[in-house]
Amino acid sequence: LEAMKMENEIIAPEDGVITSIDTSEGASVNTGDILATFE
Numbered sequence: 001l002e003a004m005k006m007e008n009e010i011i012a013p014e015d016g017v018i019t020s021i022d023t024s025e026g027a028s029v030n031t032g033d034i035l036a037t038f039e
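Residue numbering for the sequence shown follows the numbering used here, beginning at 1 and increasing consecutively.
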């Protein structure tokens, strides 16, 4: 995840696969928005 030219590592408690990306490059997002779905 990149914010203001910084990269933020997203750590998950277990393995999974991202099944969809629910936003697009350059889009503004708000707190609580779903950015990705995984199984």
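Note that CB positions come from ideal geometry on N, CA and C, so glycine has one too.
Note that this is a predicted model, so its numbers are computed, not measured.
- Annotation for I18: A36, T37 and F38 place their beta carbon closer than 8 Å to its own, counting only its chain and skipping 5 residues before and after.
- Distance between A12 and T23, taken at the CA atoms: about 19 Å.
- Rounded to whole angstroms, K5 and I21 show a C-alpha spacing of 20 Å.
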